[in-house]
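Take a look at the structure set out below.
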Amino acid sequence: MIDVERVSKSYRRGAAQIPVLRGLSCHVPQGAFAFIVGPSGSGKSTLLYLMGALEVPDSGAIRLAGESLGDMPPQRKDDLRRRRIGFVFQSFNLLSNLDAVDNVLVPFLPTGEAAQRRPEAVDLLRDVGLGDRLDHRPSQLSGGEQQRVAIARALLKQPDLILADEPTGELDSATGHEIFALLRRLQAERGTTVVTVTHDHRYIRQEDLVLRIQDGVIVPSEAS
Ligand SMILES: Nc1ncnc2c1ncn2[C@@H]1O[C@H](COP(=O)(O)OP(=O)(O)OP(=O)(O)O)[C@@H](O)[C@H]1O
Ligand SMILES: [Mg+2]
């Protein structure tokens, strides 16, 4: 599903160039449940954004389902991001003037499919336990509820790949477990590939793929 080959990425800070990823390679098979772990600042979000074609590596190659992102025309990349990948960011990226249902429908507003997708959006919100919060705006929802809206939005696309950056970062552990139960159900039932950044090793299971970043590369990791 995802092949990362000798990818390097550095950021400029003032005059200095700070290397973050240093020839990092990894492979996430189709249908895997994968975690990116490592110390703060080690490049976990950077790797996730590279996998989602939201960032471009300085060198090295990334392939999604056999297709090289480097060679991909911008429009095809856009299409991939919009239709095939479900992103869940730590800052939920909800629009404050829209209610829960409309926030879930946001990706489909530009394509004119929102009205047609509405019943499905409502079903998904029920699935994530927000059936009685459909017309609430983000300011009327708790952090965990907002995160669940963001997840429902990612799921409405029926993506092949879900990329989640600390989806439970600000949630209590009961809600955190619910979120992971939902992601795992999706992986089991639809074969969705899931890659999640987390600091919380309690969510990692023996059979999961663990990508541990240290000093800019993946190091061998005993699960959990
Ligand atoms: N746009 C940017 N410009 C400059 N430096 C950046 C940028 N994005 C990330 N960095 C730096 O790159 C390094 C890796 O950042 P990244 O966000 O990938 O870390 P992380 O492992 O996700 O950390 P955390 O666990 O704290 O979220 C950090 O030192 C960060 O300051
Ligand atoms: Mg991060």
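For the sequence shown, this note's numbering begins at 1 and goes up steadily by one. Glycine residues also receive a C-beta, built at the ideal position from the N, C-alpha and C atoms. In this text the structure is predicted, and so the values were computed from the model without any measurement.
query, result
"Three Cβ pairs or more, each shorter than 8 Å: is that satisfied between the region 88-100 and the region 64-78?", "no"
"Could you work out which residue in ARG22, GLY112, ILE18, TYR11 is closest to VAL4 when comparing CA atoms only?", "ARG22"
"Hey, quick one: how far does the beta strand (DSSP E) through LEU161 stretch, first residue to last?", "161-165"
"Touch check for the region 162-179 and the region 134-152: three-plus C-beta pairs under 8 Å?", "yes"
"For GLY23, name the three-state secondary structure that DSSP assigns.", "strand"
"Using 8 Å as the threshold, is the C-beta distance between PHE87 and ALA154 below it?", "yes"
"Taking ILE36 and VAL197 to be in contact with their CB atoms under 8 Å, please state how far apart those CB atoms are, rounded to whole angstroms.", "5 Å"
"Going by the CB atoms, is the gap between ASP165 and LEU48 shorter than 8 Å?", "yes"
"If we ignore side chains and look at the alpha-carbon of each, how far apart do ALA223 and ALA115 end up?", "Summary for ALA223: the model assigns pLDDT 47, below 50, so the residue's position carries little reliability; its value from the coordinates is reported in the next sentence. Approximately 43 Å, taken between the alpha carbons."
"Whole angstroms are fine: how far does the CA of ARG82 sit from the CA of LEU94?", "16 Å"
"Below 8 Å between beta carbons: does that hold for PRO159 and ARG84?", "yes"
"Measuring only from the beta carbon, is VAL219 closer than 7 Å to any heavy atom that is part of ligand 1?", "no"
"For a test of your reading of the model: does the CB of LYS157 fall under 7 Å from any non-hydrogen atom of ligand 1? Yes or no.", "no"
"Give the DSSP bridge partners of THR193, in chain order.", "LEU161"
"Determine the DSSP secondary structure at GLU113, reduced to helix, strand or coil.", "coil"
"Leaving out five residues on either side along the sequence, give the residues of the same chain with a beta carbon under 7 Å from the beta carbon of GLY14.", "none"
"Any heavy atom of ligand 2 inside 7 Å of the beta-carbon of VAL20?", "no"
"Is any heavy atom of ligand 2 found at a distance shorter than 7 Å from the C-beta of VAL197?", "yes"
"Using the Cβ count rule (16 or more neighbours within 10 Å means buried), how would you classify GLY232?", "Given that the chain is displayed from residue 1 to residue 224, the structure contains no residue 232 and the question cannot be resolved."
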